[in-house]
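*Asks:* Numbered according to this note's numbering, the sequence shown spans residues 64 to 218.
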Amino acid sequence: MPGLSETVQEVTDFVKEKIEENEDFIIIESEPEGGINGVMQKVMGDITTASAGRQAAVGGVTGCVAGYLTNRVGRAIGLSLAGTFILFQIAQHKGYVKVNWTQVKRALTKAKADARINELKLRQASFTGKVRNFIEDNFFLSTGFMGGFAVGFFF
């Protein structure tokens, strides 16, 4: 998959080509200027072209916020799932809920097979390769994010 700079270059070449051929075409922007992304783009610019220190700082701050939020949301989700499981077990024990464990086992086996198929499809799509390329291309941003995420998660 081409990088952002390669894609920008391809689009620029295409537009120049069409202008030289005097063909009519319409350029459609993918997102409005006034949104949060537009504001962030104006404030931050393209962080991947910034200095190593700025990339590490931005990665660290965003990672810290993401880790903190993941920790807080994860706790809430864990508590709600555990509470639901306990209530379900009490309801089953009291006879309010009857579970067909054979059917549950079949459903779990089918879900496990589907998960393996989906995992193979993801490997073919090379998602991990794309992530690896991003980390290699933006080393300081990525390491800053990972360090900040760890700090935020344990904060």
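Where is the CB? At the ideal position from N, CA and C, for every residue including glycine.
For Leu204, is the classification buried or exposed, using 16 other Cβ atoms within 10 angstroms of its Cβ as the cut-off for buried?
*Replies:* Classification of Leu204: buried, given that the 10 Å Cβ count is 16 or more.
*Asks:* Could you pull the start and end residues of the alpha helix (DSSP H) that Gly137 belongs to?
*Replies:* 115-157 is the span of the alpha helix (DSSP H), which, as asked, contains Gly137.
*Asks:* Over what stretch of residues does the alpha helix (DSSP H) that includes Val214 continue unbroken?
*Replies:* Element bounds for Val214: 202-217.
*Asks:* Given a cut-off of 8 angstroms, decide if Gly137 and Gly207 are closer than it, judged by their beta-carbon atoms.
*Replies:* Not a contact, by the Cβ cut-off of 8 angstroms.
*Asks:* If we call anything under 8 angstroms between Cβ atoms a contact, is Thr125 one with Gly211?
*Replies:* Against a cut-off of 8 angstroms, the Cβ pair of Gly211 and Thr125 comes out as a contact.
*Asks:* Are there 16 or more other CB atoms within 10 angstroms of the CB of Ala115, so buried, or fewer, so exposed?
*Replies:* Burial call: exposed.
*Asks:* Would a C-beta distance cut-off of 8 angstroms place Gly192 and Cys127 closer than the cut-off?
*Replies:* No, Cβ-Cβ distance for Gly192 and Cys127 is not below 8 angstroms.
*Asks:* How many Å lie between Ala170 and Ala178 at the Cα?
*Replies:* Approximately 12 angstroms, taken between the alpha carbons.
*Asks:* Write down the C-beta distance between Asn201 and Gln118 rounded to the nearest angstrom, noting that I regard them as a contact closer than 8 angstroms.
*Replies:* The pair is a contact, with the Cβ atoms about 7 angstroms apart (cut-off 8 angstroms).
*Asks:* Assign Gly158 to buried or exposed, taking buried as 16 or more other Cβ atoms, counted over all protein chains shown, within 10 Å of its Cβ.
*Replies:* Gly158 should be labelled exposed.
*Asks:* Just to confirm my understanding: we take Thr133, look at its own chain, exclude 5 residues before and 5 after, and list those with CB closer than 7 angstroms. What are they?
*Replies:* Answer for Thr133: Phe216, listed in chain order.
*Asks:* Under 8 angstroms, Cβ to Cβ, is there at least one residue of chain B near Arg195?
*Replies:* No chain B appears in this structure, which consists of one protein chain only.
*Asks:* So, helix, strand or coil for Asn163, using DSSP?
*Replies:* DSSP places Asn163 in coil when its eight states are reduced to three.
*Asks:* Answer with buried or exposed for Gly141, where buried requires no fewer than 16 other C-beta atoms within 10 angstroms of its C-beta.
*Replies:* So Gly141 ends up on the exposed side.
*Asks:* Compute the Euclidean distance between the alpha carbons of Ile110 and Thr147, then round it to the nearest angstrom.
*Replies:* Approximately 43 angstroms, taken between the alpha carbons.
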